[in-house]
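Residues -29 to -1, 1 to 533 (mature numbering (1 follows the signal peptide of the UniProt record, and there is no 0)) are what the sequence shown spells out, left to right. C-beta atoms are modelled at their ideal positions from N, C-alpha and C, and glycine is treated no differently.
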Amino acid sequence: MARAAWVARLARLALALAALLEPAARARAQGLPASPCPAIYSYEVDSSGQTVGLIRLLTPPRYAEVRLMARLSSPVAVQRHEVGELFVKGGRDAAMEATRSVLASRRHVLEYQLRFPPGKPVPALLALAVNEDDVCQARATPFNTRSTITLQSFLNTGVNDAPQVRGQDFGAVMGGSGGGGGGIFVGGGPSGGGGGLQGGLFEPEPFDPQPQPPPPPRPPQPRPTPRPAARPTTRPPPMLPPPDPEPIEPEPWLDPVTTRRPQPPSLPSPPPAQGEGDEQLLDPTNCGTASLPNALVVFGFEAEKGQWPWQTAIFRNNDTVSSSVTLNFQCGGTLVSRKHVVTAAHCVVVVKERKKIQLISNNDLLISLGKYNIRSWAEAEQQFKEVQKITIHPEYDPEILRNDLAIIHLSTTVVINKFVKPICLWDRNPDLSPVVGEVGTVGGWGRDETGSLSDKLRIARMPIVSQETCLRSDNHFYIKYTSENTFCAGFRNGTTVCNGDSGGGLNIKLANPEQGNQRTWYLRGVVSLSMLEVGDQTCDSHNYVVFTDVAKYMSWVFQQLN
């Protein structure tokens, strides 16, 4: 009897081992690169008959966000526009099921599909990482590597206040490659709530054993029907689970943003700008850092107080007839010194007949720094400043929002503290190509993924794409509103900036030599224009947003600050 049980157990182990080895054997037979971890990564044929990669994980055990990164090695040269795609298999339904499993405190199989560069050999997997922790890694980079490709996908199951902790157990999912049933699961317990999914970010890089040089920039071009982008908005993406059942507070509405094409200047080194007395307005040793850690944001989330201290709210008095004052939220902006705010030109002008523009009166604008709740005037952390002067770019064109950039000079300097602090100004190569694929972060008081306006400051992540990618997505629209001085960004899956946060900044975190190479935030773009959603005249969150590329205007910016 004991012998029979022992034989049965051996048989089960043999079957389990065969199940693990089968994908590797099948891959070799088909001439595919071997998987460094067959329990997690294998191949399958999709509905169109194409061979794709299959990644099987478990839903997060203790917090909401899953940031999956796949790094691949290709034996042939791969261009940025053809690198492939990484996304949750099953799209919206699969993401919703993942959300339900987290809410129910149970582990659930989460499958990702990896589409390879079309018409090229299947690349080999070098590494898989979840939330920056390696879950699979090849022993070595293949000797015939010509290009390396990095693909990322973001899934959020909706716990806004979950701690961003590394080292979570996502488990290994053993067994076949089906759609969600069966298998041997390793790993335990979770917690969660809510819902939201994002995919995107493809970034091929030329392979080089030394640091990899950035690929060359792409020329821009786009299509008509512009809508000024205003507030950071997140709308349910095409493959996205619904948001957390907890309703998000409504928020003030902002006029949409418009687009522009800036003209490029050379990048000077920032001279120290002096203000009242000996007070230094620009301080590269004290910029771009927040008192709270900036947790990665997926699908747009409420910020914490002090998390985005350079975010500025611009209010306008719309009652210019009577003696009363009616302040309405006009646009976002970014504090760049103790006395200057960068915003979009279209936020501070009125277009008159025959396309003539007129600056909004200084007396009709009020600037709020350190603001968190857009509807609250009693926040102890906020500082109100009147406007001393407004400077718009001399070549601003309101029709196509070319050179859509302005600087607001505050009447007095701000008090720097944990809630109010300037961001760092761009001090490096202004070319677009080095930042294509970087994920920028935009803050503002815009629509959330339900379409509701949020009272509280929200931040959303948006990857920068090449001009070529932007143009290809909708040439008729973007050809009109982009130029060598603009760039496009977005996941095109429901997370975006629109309807209210025109003028807000897209910021990138980079090493700062002035602060011992600590990573700090730099202003790269200003929200200018988005496409209209057909039918409801709101921003189309499934298309790219156009930003004025501030890096191309640094000579002009420093002139104004001095």
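Would residue i and residue j qualify as a contact pair, given that the criterion is a beta-carbon distance under 7 Å?
i    : j    : result
M67  : Q123 : no
I435 : V406 : yes
V386 : A460 : no
Q354 : H380 : no
R495 : E273 : no
T30  : R71  : no
L97  : R27  : no
A315 : S526 : no
A95  : S44  : yes
Do you know how far the Cα of residue j is from the Cα of residue i?
i           : j    : result
L25         : E15  : 7 Å
R309        : T256 : 13 Å
F529        : S332 : 23 Å
E439        : R399 : 23 Å
W281        : T457 : 22 Å
K326        : P88  : 46 Å
N488        : A482 : 5 Å
E370        : D254 : 36 Å
T383        : V59  : 50 Å
Y449        : H317 : 18 Å
S444        : K451 : 13 Å
S19         : I11  : 23 Å
L85         : I328 : 49 Å
G337        : T121 : A small correction: the amino acid at residue 337 is Leu; Gly does not occupy that position in the sequence shown. Spanning the two alpha carbons is a distance of roughly 44 Å.
Y83         : R432 : 21 Å
A65         : V80  : 9 Å
residue 540 : R463 : As displayed, the chain neither begins before -29 nor continues past 533, which places residue 540 out of reach and without an answer.
D368        : V320 : 11 Å
E366        : T453 : 15 Å
K91         : E56  : 14 Å
A69         : Q531 : 51 Å
N344        : D17  : 47 Å
H447        : V106 : 43 Å
S13         : E455 : 42 Å
G62         : K323 : 47 Å
Q234        : K392 : Per-residue confidence for Q234 stands at a pLDDT of 40, beneath the threshold of 50, marking its modelled position as unreliable; no derived number is given.
F518        : V497 : 5 Å
C441        : D520 : 14 Å
E103        : R110 : 18 Å
N514        : N388 : 37 Å
Please look up how many angstroms separate the CB atoms of residue i and residue j, rounded, as I've assumed it's under 8 Å.
i    : j    : result
V49  : S118 : 4 Å
Y493 : L376 : Contact doesn't hold; Cβ gap of about 16 Å is too wide.
T112 : G259 : Not a contact, Cβ separation roughly 34 Å.
R346 : D426 : 5 Å
I378 : V313 : 6 Å
L306 : I394 : 7 Å
E9   : N115 : The sequence shown places Pro at residue 9, rather than the Glu named in the question. Wrong, their Cβ atoms sit about 22 Å apart, outside the cutoff.
S339 : T283 : 7 Å
A522 : W397 : 4 Å
Leaving aside the five residues before and after residue i along the sequence, list all residues of the same chain whose C-beta is less than 8 Å from its C-beta, in chain order.
i           : result
P188        : Model confidence at P188 stands at a pLDDT of 46, short of 50, so the residue's coordinates are unreliable; what they give is reported in the following sentence. Result list for P188: D402, L403, S404, V407, S437 and Q438, in chain order.
residue 581 : Within the shown structure, residues of the chain are numbered from -29 to 533, placing residue 581 beyond reach of any answer.
Which residues in the same chain have their Cβ closer than 6 Å to the Cβ of residue i, if we skip the five residues on either side of it in sequence?
i           : result
G303        : G415, D472, G474 and G475
E409        : I435 and I479
E485        : P255 and T256
T412        : I430, R432 and N478
Q108        : A98
residue 539 : Outside the displayed span of the chain (-29 to 533) sits residue 539, for which this structure offers no information.
Taking 7 Å as the limit between beta carbons, can you name the residues of its chain near residue i, skipping five residues before and five after?
i    : result
V93  : L3, P4, T22 and F87
F390 : K276, G277, P280, G341 and E352
Q301 : I285, F286, R287 and C318
E350 : K342, Y343 and N344
N299 : F286, R287 and N289
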